[in-house]
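What follows is a short report on a single structure.
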Amino acid sequence: MSEKTSPQEEKYSSYELEVLAIIEDLKKFRNYLIGSKFRIVTDCSAFQRTMNKTQLTPKIARWALFLEDFNYEIVHRPVPQLMQTEVVKNIYSKGHFGINKTVNVEKRRNYNKKRKKAHNYKIGDFVVNTVWDWPQAATKIPRPYEVIKVKSKDRYVVKKVGQHESPNITSTAAEHMKMWGRIT
144 MSEKTSPQEE
154 KYSSYELEVL
164 AIIEDLKKFR
174 NYLIGSKFRI
184 VTDCSAFQRT
194 MNKTQLTPKI
204 ARWALFLEDF
214 NYEIVHRPVP
224 QLMQTEVVKN
234 IYSKGHFGIN
244 KTVNVEKRRN
254 YNKKRKKAHN
264 YKIGDFVVNT
274 VWDWPQAATK
284 IPRPYEVIKV
294 KSKDRYVVKK
304 VGQHESPNIT
314 STAAEHMKMW
324 GRIT
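All residue numbers for the sequence shown refer to the numbering used here, where the first residue is 144 and numbers rise by one.
Next up, the structure:
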């Protein structure tokens with residue numbers, strides 16, 4: 144867990160900040176950790192030694208009292224060992240950091256290649272628009288409409304033609320419409 148320190152916390156030593164981070168995490172996950180044994184893995188050897196001291200500052204003493212509610216074991220791992228066993232292992236097990244971003248970029252790029260060119264409709268064109276069948280709303284039914292406004296990105300405002308149960312005026316995309324012959 145990571146968060147910005149308050150102005151008062153900025154004055155803490157690195158040891159106190161390390162302990163504060165542990166305390167805040169334990170507060171957040173208290174409901175899940177009470178009654179179960181767990182390990183606190185840290186690169187701060189002073190934390191392990193302090194918990195065995197008899198004389199503590201009031202702040203550290205409060206934190207030590209809070210920690211007594213839990214069944215935990217403190218495991219000290221020096222930074223190089225901690226990095227090798229935890230961080231590096233996780234990088235390879237989780238895979239490429241930017242894989243989701245890369246996949247999304249490729250999907251976006253290839254989507255337009257597969258998509259057929261949308262028909263450019265004009266105001267006054269009669270089209271068949273697929274709309275949900277009301278009140279059942281189980282299937283889409285083609286209904287006749289007239290284009291009354293051309294929007295950007297192949298979007299149109301269409302008006303109902305004839306007597307059928309559908310919206311009088313609706314906005315739709317060109318991919319949901321087909322050209323219908325002119326009514327004379």
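Just so you know, even glycine gets a beta-carbon here, dropped at the ideal spot from N, CA and C. Model, not experiment: these values are computed from the prediction.
Assumed close pair residue 266, residue 292 - CB separation to whole angstroms, cut-off 8 Å:
The residue given as residue 266 occupies position 123 in the sequence shown. The residue given as residue 292 occupies position 149 in the sequence shown. Right, their Cβ atoms sit about 7 Å apart.
Nearest residue (CA-CA) to residue 124, options 312, 299, 183 and 305:
It is not possible to answer for residue 124, since the shown part of the chain is limited to 144 through 327.
In angstroms, rounded to a whole number, what distance separates the CA positions of residue 189 and residue 158?
The residue you call residue 189 lines up with position 46 of the sequence shown. The residue you call residue 158 lines up with position 15 of the sequence shown. Rounded to the nearest angstrom, the two C-alpha atoms are 7 Å apart.
I'd like to confirm something about residue 174: is its beta-carbon nearer than 7 Å to some heavy atom of the ligand NAP, or not?
Absent from the structure shown: the ligand NAP. Ligands present: none.
Return the first residue and the last residue of the beta strand (DSSP E) that residue 181 is part of.
On the sequence shown, position 38 is the one that residue 181 refers to. 180-185 is the span of the beta strand (DSSP E), which, as asked, contains residue 181.
Measuring CA to CA, which of 294, 305, 323 and 306 is closest to residue 315?
Position 172 of the sequence shown holds residue 315. Looking at the Cα atoms, 294 is the closest of the given residues.
I'd like to know if the region 209-224 and the region 178-185 are in contact, where contact means that at least 3 CB-CB pairs between them fall below 8 Å.
Using a Cβ-Cβ distance cut-off of 8 Å, the region 209-224 and the region 178-185 are in contact, since at least three pairs of beta carbons, one from each stretch, lie closer than that value.
Looking at the structure shown, is residue 220 part of a helix, part of a strand, or coil, going by DSSP?
Stepping through the sequence shown from its first residue, residue 220 is reached at position 77. In the structure shown, residue 220 sits in coil (DSSP, three-state: anything other than H, G, I, E or B).
Quick check on DSSP: helix, strand or coil for residue 200?
Reading the sequence shown from its first residue, position 57 is the one you call residue 200. Coil, per DSSP.
Spatial neighbours of residue 262 within its chain, please: C-beta separation below 7 Å, excluding the five flanking residues on both sides.
By one-based count along the sequence shown, residue 262 stands at place 119. Excluding sequence neighbours, residue 262 sits near 317 and 322.
How would you call residue 208, buried or exposed, if buried means at least 16 neighbouring beta carbons within 10 angstroms?
On the sequence shown, residue 208 is found 65 positions in, with the first residue counted as 1. By the 16-neighbour rule on beta-carbons within 10 angstroms, residue 208 is exposed.
So, helix, strand or coil for residue 265, using DSSP?
Translated into the one-based positions of the sequence shown, residue 265 becomes position 122. Here residue 265 sits in coil by DSSP.
Neighbourhood of residue 187 by C-beta, 7 Å cutoff - its chain only, sequence neighbours within 5 removed:
Locating residue 187 in the sequence shown gives position 44, counting from the first residue. Cβ neighbours of residue 187 beyond the five flanking positions: 158 and 161.
For the beta strand (DSSP E) holding residue 316, just list the boundary residues, first then last.
Translated into the one-based positions of the sequence shown, residue 316 becomes position 173. Looking at the DSSP string, the run of the beta strand (DSSP E) that includes residue 316 is 312-316.
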